[in-house]
Every structure is written in C-alpha cells, then in structure tokens.
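Chains A and B, in that order, give the protein sequences.
Numbered by this note's numbering, the letters in the first sequence go through residues 26 to 406 in order.
Numbered by this note's numbering, the letters in the second sequence go through residues 26 to 406 in order.
All residues carry an ideal CB built from backbone N, CA and C; glycine is no exception.
Below is one structure, written out as structure tokens, with a few remarks after it.
2 protein chains.
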Amino acid sequence: MTEDLPNPALLPSGLTDLLPPEAAHEAALVEAMLAVFAGHGYERVKPPLLEFEDSLLAGSGHAVADQTFRLMDPDSHRMLGLRADTTPQVARIAATRLADVARPLRLSYSGQALRIRGTQLAPERQIPQTGIELIGPDSPEADAEVALLAVEALAAIGIARPSLDITLPTMAPALLDAAGVLGEQRLRLARALDRKDAAAVRELAAIAGPPANRLTALLTAAGPADGALAALEAAELPPAARAIADNAAAVIAAIRARAPELRITLDPVEFRGLQYHVGVAFTLYGPGSAGELARGGRYRSGEEAATGMTLYPDALRRAAPAAAPAARVFIPLGTDPVAAARLRAQGFITVAALSAADTPQRLRCGHILRGELAAPIEEIA
Amino acid sequence: MTEDLPNPALLPSGLTDLLPPEAAHEAALVEAMLAVFAGHGYERVKPPLLEFEDSLLAGSGHAVADQTFRLMDPDSHRMLGLRADTTPQVARIAATRLADVARPLRLSYSGQALRIRGTQLAPERQIPQTGIELIGPDSPEADAEVALLAVEALAAIGIARPSLDITLPTMAPALLDAAGVLGEQRLRLARALDRKDAAAVRELAAIAGPPANRLTALLTAAGPADGALAALEAAELPPAARAIADNAAAVIAAIRARAPELRITLDPVEFRGLQYHVGVAFTLYGPGSAGELARGGRYRSGEEAATGMTLYPDALRRAAPAAAPAARVFIPLGTDPVAAARLRAQGFITVAALSAADTPQRLRCGHILRGELAAPIEEIA
C-alpha cells in the first residue's frame, strides 16, 4: 500500500489563493470603497478574527452560529470562534468601547470572514467583507443613507446602474401571526414562500384564511418598486403589516428623493439572508449577470437601532472593471536608482535587473529605461 | 451559586479591537507600503487564512508549527491550520501556481496572521503582516533590493532614519560544526549566545577550542557594520564561516552602494527570529524607542533561493505619524446632496444630519456647510 503524498497545491474546498492581478484588483476596490465611506464620516474599526465564542455568537451573531469555525484557546481554555460575519463584532464594539460616542455612530470595516460550509452557488468559505454600520437612528433617512452609500461605493469602482432589491423580512411573519398560523402549517407556508411556489402559497394561504391569504397577492406583487408599493397600498393589511408596508414606502421615498434614477425592486414577502433584519433588507445586484454584490438592512445592534450594508469584494472583483495595469519598465543592471525613482513618481512600475540573465522579456516589461525615459521595447532594435 | 455573565467587552488575551482613528491609520500605512512595493514590480498575492495543516506547516512553515492554531474541517475531515506566518504560503504559491512565471518572481502580500501564544514583550496573537518576497535570485543584490525596499516603505509612511540590523544566523552553527561541538555543550553555548552572556560564551568556547573560541571575538564585534566587518575580516575562520562572512560583506556593500546614509549594524553570532533564514537576516528598527518594525532575510522558498521582508503594521502604527484628519463638515437636514459631494471632492468629510437632534457638536464637526462652503463652526454665531 502506498499513501499518496498530499498535493501541495491543493487547498481545502472553498479556500483559494488570489493571484496577480486579481489580488491587487480586489485590494484596490476595497480601498476605493472605504475612501467613499470615510468621505461620509464612516470611521473604520478592526475587530479581531477570533473572539470568545459566547460574545461572537451573541445577539445578531447567533444567525451564523452554525456556520462558525470553533477552536479551543490553549491560553484561556475557552472556546473561540473565527468570525463568520463582521456586523455582530461591530455591534459589540458600538455597545461597549464606543458606548459613549454620540449617535448616530457611523462605522466601517473591511476584513475576512470564514464559514464552515459554502453553498453550491457560493462555494467560498473565506469571504472578504467590506461594509458600513449606521448605529442609533431608526428612520427611513438612515436606511436611505446606507443603501445609497453602497450604491456610491459601487459607482466609485466602476459599477454603474446597479439594482437595489428591497425585501421586508418581517412582513410574512406579521401576516402569519395575525392569522394565527402556527406549527407545521406555518413551516409549510414559509417553505412555499421561500421557493416562490405561488400555487402552494395560494392553496396553503386559502386554508389559513385572512389575513394570511394576502400572501398570494403580495407574492405576485414583487417587482419594480412602484407597482409593488401600489399593491401593498391596496392590500387590506392588519396593523403590524400595514406599519411594515408604510415604512417600506417611506424608505423608498427617501431613497428616491436622493437617487431618482436608481432601479429599485420590492419583494414584500421574500425573507432570506442572515435573518436578523427587523425592517427593510437590501440586496444590490450588478448589471447583467454580475449577481449579488452587497447585502444589508435594518437590524438591532445590541439594544440600539441600526442599519448596515456589507459589500462582497470577491463578487465585486468579478463585476468591476480592472484598471489598466501601469507599464512595467525594465531597469538595466547598474542604472542610477534616481532615474528609476523618477519613473515611479510618474506612475511607471520599475523592475530592476538583478543579473545579466534578466531581460525585459523575462521580467514582462514592455518598456526599458533609456536615459531618463521609459522607451517602449518595440521601438528598440 | 451564581455564574458570572461574561463581560461582552472582554476579548481573549492578545486579541484586540482597533478603534477610530487607529484602524484607519493602520490601513493607510499598509496601503502606502503596498504602493511602494507595486512600484518596484512586486505583485500582490492573497493566500487564504486557513489551509490544510500539512501544506501550511511544510517547508519554512515548520518554524511556526507550535504557534499555529489548528481546527478540524467538517468538510474534508482533515486538520486545518490558521496561518501563523504568511511567507510559507507565498512560497507554496510560488512553487505551485506560479511555478511557470519567470524568475526573479517579485510578490507582495498583506493580511493577518494568528498565533497561539503571545510573548511577554509582544502579547499580540493576531499579527498583521505586510511583506515582500523576491524568489529566484541568490545574490547580495537581491538581499539589498529587499532590505532597501522595506526602508523605502518606511520612508513612505513617515519613518525616516531607521536602523538596519543584520545578523548571520548560520555563523554560530558553522563555527560549532567546524569545532565538532555537539549535544549538551552545543546547547549550552547556544543558550549563552542567545542571552549575550559574554563570560559564559568565553568559558564554554575556550573549552570547545578552535574555531569555536572565535565566538567570543565575534560576539563582542557586534555593532556598527564597519567595525563588525573588520572584526570578521580579521578573524581566522573555517571555510564555511568565511563564506558567510564574505557574503555579509557583499550584502552590506550592495546596500551601501544604493543607500550610503543608512545606519547598518551587524551582529555576526546572533540567531533569532523564525529560524528559517539561511543567509543574512534583517531587522529594521525605528528611530528612538519605536522598536522592531520589520524582519526578513534569505531563506529557501521550496527548492528555490529567496529573500523577503515582513513589515509589522501594528508596530508601524505606533511609530509612524498619523496624517492630520480631514475636517468634518456638518451637513444640515434637507441640504442638496450635490453641495456635500462637492466638499468631499475637495477632501472634506461630510457628516449628514439625519434628524433635528443631530448637531455639529454631537457629530464632532468643526465645520458646517454654508452655501457651497465649509464654514468653521467658531465663525458662526
């Protein structure tokens, strides 16, 4: 019996190396987005990758508990968790070390999150997250600021005309509560909603009676915001559901006031995501098939109202145009370093020969330093 | 019996939150250093935080094996390691996915590393690392490029006049090998060298006989490079040790040729650090008591010659001056967003009021938007 030597290039599923030029592209996108956030007064925090399990999974962290890698800390002999989501950590910081800073508290972050399992659609288990949290205010204006700031960050990295999809994760539960739909019946309705099975929803909701039977109308109302809002407006809703609908209308109005061109869709009975949203939830889609680029919404940050948005640099990297790489200029052996420094100050990349074997071709240089200038290689012969 | 509820603000030892403005300061330093590396043709890679233990700890990764957090992967049912050092991962990438890219291969990286234990002097267990690897060439010029690039990165973040400390980690072993000093005697000599106990080294080296007794002279030769090189030149050394000394002289000459002003010290028999260095090892110290800012040196990257340098953003953040923060301008409720955008384009931070309760004072703004301008608050009354 021979035991195969492990392939050194093999990485665990969902964990990958980013190579040139992708790694630099991702970093540049993150930088540009954080600059946008900073311009709006969002201040950066950096929580650690590891925390005690009980603090990491408290509050909204509970939503990713079954996705969190755990390990034993030989120092404290307590269990640690490797963060699977950054928002709960920012909430902890806001509630503890930044408790005395006046609200609204605007924070930003960027880092890696790790998950035990990927999904078939999103197999990645290391997920870069770049995001913002607006803690304190509980108003449509706050929701609008956060959603539009994410849109502005996308624009800054060259992703124009995204689509903002708004869902109301508390709407379906409010209708089911008001109809007294519980237990197995509720579970089956939730599953039917989840797979957008209109026939099953209609059948189950009819059995459940009003106001659960509103679910059918709301399910088919999903689409461009104006139509969906009109359907919500027209529907007979119990008070809790009416409040949710009115809030959605106010959030959309606040967004529209500042970004009349933004494409907004509304899906009133969709519920998904990290399942800790208590008001509107946002998903930003790129144009074409770029897919989901950011998610967020209103949640509870400890005892406080909060709204936030997480952008996904790995998805953004695939959706955003890469900047043209700077020209690489070959610096022959023995060149005065000042000449190369001058070229770098002009935006060139200088690549120094370290031995006679190093040639412009080997070092992937399209230019060569001649005198004080970068000369294209093809002009030399 | 009551069980104390855990304090939610409590983090495991050596793991901390970076708050405003430190988190932004650290990120800005990292960005500036990576821009310096990119200007010299160093291309960024981003290995994952988790890898299979056996690939993570292979090669130079072995040096941090006992500092590496391990956890079970429920997906592969194999042990994973959380990286404790980035260099071995970059070596893996160079040897596998970038095996066909012509050498010299210039790579950069930036990310977090995690260690099981901190030390009394450096209690941190999450260590940001930003660095470069130059893979392929085995020459003093390559060592000089890497050391000087680290110095240039420090200059870019405002740390002028660092001191480069060069050690020769293979020198003491070469002398002990040549003298046939083994076992307990070798261990005691190594410990005496480690704590720079000149009396103990003298006593033990005298017993060991030549050429181990050169250790005493070399220990006291440590200091400014010129004096130390002269002592090395004058010492009677066996061939392996002479080659190490000659290489050190060549590396220092290559550095001096490009940076005559740089303060260089040489400690020929010091050996420390990650213990995978096979040639010169570098430590960069900041001015004053800024301490150790970067480490590196020559090592084996798989089967290849390599030299690299890791800079420590947490130490750099304490040593580097922070940029003056941009002025925060209060944007009153209902202001045209275009006016605020114009201020951001001028470098101001704009902080929007979201309710009538939000005042410039609460939002820590020294300016307020008046017409199209940012007016200092004290001028308003």
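Pull up the CB-CB distance for L82(B) and L107(B), whole angstroms please, since I reckon it's below 8 Å. If you number the second sequence from 1, residue 82(B) lands on position 57. If you number the second sequence from 1, residue 107(B) lands on position 82. Wrong, their Cβ atoms sit about 11 Å apart, outside the cutoff.
Any beta carbon of chain B sitting closer than 9 Å to that of A400(A)? Indexing the first sequence from 1 puts residue 400(A) at position 375. No, its Cβ sits nowhere closer than 9 Å to a Cβ of chain B.
What three-state label does DSSP hand H302(A) in the structure shown? For the purposes of this step, residue 302(A) is taken as the residue at position 277 of the first sequence. Three-state result, H302(A): strand.
8 Å contact criterion, which G183(B) and P346(B) should meet: CB distance rounded: Within the second sequence, residue 183(B) is the residue found at index 158, counting from 1. Within the second sequence, residue 346(B) is the residue found at index 321, counting from 1. The Cβ separation is near 5 Å, so the contact holds.
Pair within 9 Å by beta-carbon distance, S188(A) and E158(A): Locating residue 188(A) in the first sequence gives position 163, counting from the first residue. Locating residue 158(A) in the first sequence gives position 133, counting from the first residue. Result no, Cβ atoms of S188(A) and E158(A) do not sit closer than 9 Å.
Rounded to the nearest angstrom, what separates G298(A) and V226(A) at their Cα positions? Numbered from its first residue, the first sequence carries residue 298(A) at position 273. Numbered from its first residue, the first sequence carries residue 226(A) at position 201. Residue confidence is low: G298(A) scores 48 on pLDDT, short of 50, so the model does not pin down where it sits. No coordinate-derived value is stated.
Which residues in the same chain as A279(A) place their Cβ atom closer than 6 Å to its Cβ, once the five residues preceding and following it in sequence are excluded? For this step, residue 279(A) is matched to residue 254 along the first sequence. Same-chain partners within the cutoff: P165, E166 and A169.
Which runs of the beta strand (DSSP E), 3 residues or longer, sit entirely within the stretch 73-130 of chain B? 75-77, 95-97 and 104-107
Specify the secondary structure class of G391(B) as computed by DSSP and reduced to three states. On the second sequence, position 366 is the one that residue 391(B) refers to. Residue state, collapsed to three classes: coil.
Could you check whether the stretch 388-400 of chain B touches the stretch 82-93 of chain A, counting it as contact only if at least three pairs of C-beta atoms, one from each stretch, sit closer than 8 Å? The stretch 388-400 of chain B is not in contact with the stretch 82-93 of chain A.
Spell out whether any CB of chain A is found under 9 Å from the CB atom of I280(B). The sequence position of residue 280(B) within the second sequence is 255, counting from 1. No, its Cβ sits nowhere closer than 9 Å to a Cβ of chain A.
Own chain, CB closer than 7 Å to A340(B), minus 5 neighbours either side, in chain order: Start at 1 with the first residue of the second sequence, and residue 340(B) comes out as number 315. Answer for A340(B): G316, E317 and L318, listed in chain order.
Quick check: the Cα distance between A247(B) and T290(B), rounded to an integer number of angstroms? Along the second sequence, read from residue 1 onward, the residue named residue 247(B) stands at position 222. Along the second sequence, read from residue 1 onward, the residue named residue 290(B) stands at position 265. When rounded, the separation of the alpha-carbon atoms in A247(B) and T290(B) is 7 Å.
Are the stretch 318-332 of chain A and the stretch 280-288 of chain A in contact at 8 Å, needing three or more beta carbon pairs? no
If the cut is a Cβ gap below 8 Å, which residues of chain A does A167(B) touch? Here residue 167(B) is taken as the residue at index 142 of the second sequence, counted from 1. Correct list: L379.
Give the straight-line distance between the Cα atoms of A224(A) and L240(A), rounded to the nearest whole angstrom. Numbered from 1 along the first sequence, position 199 holds the residue referred to as residue 224(A). Numbered from 1 along the first sequence, position 215 holds the residue referred to as residue 240(A). A224(A) and L240(A): Cα-Cα distance of roughly 11 Å.
Bridge partners of P401(A), per DSSP? Numbered from its first residue, the first sequence carries residue 401(A) at position 376. According to DSSP, which records beta bridges pairwise, P401(A) is partnered with H392(A).
Quick check on the DSSP output: the beta strand (DSSP E) that includes F355(B) runs from which residue to which? Reading the second sequence from its first residue, position 330 is the one you call residue 355(B). Taken as a continuous stretch (DSSP letters only), the beta strand (DSSP E) holding F355(B) covers R353 to I356.
Of the choices H50(B), E56(B) and I118(B), whose alpha-carbon is the least far from that of E76(B)? The residue you call residue 76(B) lines up with position 51 of the second sequence. I118(B) is the residue among H50(B), E56(B) and I118(B) whose C-alpha sits nearest the C-alpha of E76(B).
Closest Cβ-Cβ distance between A259(B) and chain A: below 9 Å? Position 234 of the second sequence, counting from 1, holds the residue named residue 259(B). A259(B) does not count as touching chain A.
First through last residue of the alpha helix (DSSP H) which encompasses G208(B): One-based indexing of the second sequence puts residue 208(B) at position 183. First-last of the alpha helix (DSSP H) with G208(B): G208 to D219.
Determine, using beta carbons only, whether L130(A) and I160(A) come nearer to each other than 9 Å. Walking along the first sequence from the start, residue 130(A) turns up at place 105. Walking along the first sequence from the start, residue 160(A) turns up at place 135. It is a contact, given that the beta carbons lie within the stated cut-off.
Give the C-beta separation of T335(B) and T112(B) to the nearest angstrom, bearing in mind that I take them to be a contact with Cβ-Cβ under 8 Å. For this step, residue 335(B) is matched to residue 310 along the second sequence. For this step, residue 112(B) is matched to residue 87 along the second sequence. Their Cβ separation, rounded to whole angstroms, is 7 Å, which keeps T335(B) and T112(B) in contact under 8 Å.
Could you give the DSSP three-state label for P198(B): helix, strand or coil? The residue you call residue 198(B) lines up with position 173 of the second sequence. In this structure, P198(B) counts as helix in the three-state DSSP scheme.
How many angstroms separate the CA atom of A349(A) from the CA atom of R95(A)? Numbered from 1 along the first sequence, position 324 holds the residue referred to as residue 349(A). Numbered from 1 along the first sequence, position 70 holds the residue referred to as residue 95(A). Between A349(A) and R95(A), the C-alpha separation is close to 41 Å.
Is it buried or exposed, G156(B), if we count other Cβ atoms within 10 angstroms and call 16 or more buried? Along the second sequence, read from residue 1 onward, the residue named residue 156(B) stands at position 131. By the 10 Å Cβ count, G156(B) comes out buried.
Any beta-carbon of chain B closer than 9 Å to the one on G298(A)? Position 273 of the first sequence, counting from 1, holds the residue named residue 298(A). The pLDDT assigned to G298(A) is 48, lower than 50, so where the model puts this residue is not dependable, and the model offers no usable value.
Got a sec: is the Cβ-Cβ distance from Q151(B) to anything in chain A below 9 Å? In the second sequence, counting from the first residue as 1, residue 151(B) sits at position 126. Yes, Q151(B) lies at the interface with chain A (some Cβ there is under 9 Å from its Cβ).
Mark Q145(B) as exposed unless 16 or more other C-beta atoms lie within 10 angstroms of its C-beta, in which case mark it buried. By 1-based counting over the second sequence, the position of residue 145(B) is 120. The residue in question, Q145(B), is exposed, as its Cβ has fewer than 16 Cβ neighbours within 10 Å.
Three-state secondary structure assigned by DSSP to L43(B): Here residue 43(B) corresponds to residue number 18 of the second sequence, with the count starting at 1. DSSP places L43(B) in strand when its eight states are reduced to three.
Cα-Cα separation between A178(B) and D98(A), rounded to whole angstroms: Residue numbering aside, residue 178(B) sits at position 153 when the second sequence is read from its first letter. Residue numbering aside, residue 98(A) sits at position 73 when the first sequence is read from its first letter. Between A178(B) and D98(A), the alpha-carbon positions lie close to 35 Å from each other.
Flag this pair as yes or no: are the beta carbons of V305(A) and L218(A) separated by less than 9 Å? Counting from 1 along the first sequence, the entry for residue 305(A) is found at position 280. Counting from 1 along the first sequence, the entry for residue 218(A) is found at position 193. Cβ distance not < 9 Å, so V305(A) and L218(A) don't count as in contact.
Taking only runs of the alpha helix (DSSP H) that begin and end inside the stretch 232-268 of chain A, which ones reach a length of at least 4 residues, in chain order? Entirely contained in the stretch 232-268 of chain A, the alpha helix (DSSP H) runs reaching 4 residues are, in chain order, 239-246 and 250-259.
Should S314(A) go down as buried or exposed, given a rule of 16 or more other Cβ atoms within 10 Å for buried? Sequence index remark: in the first sequence, residue 314(A) carries index 289 (1-based). By the beta-carbon neighbour count (other beta carbons within 10 angstroms, threshold 16), S314(A) is exposed.
Would DSSP call E315(A) helix, strand or coil? Sequence index remark: in the first sequence, residue 315(A) carries index 290 (1-based). The sequence as given places Ala at residue 315(A); Glu does not occur at that position. It is coil, neither helix nor strand.
Chain B partners of S118(A), CB-CB under 8 Å? Position 93 of the first sequence, counted from the first residue, corresponds to residue 118(A). Note on identity: in this sequence residue 118(A) is Ile, with Ser being the wrong assignment. Residues of chain B passing the Cβ test: D42 and L44.
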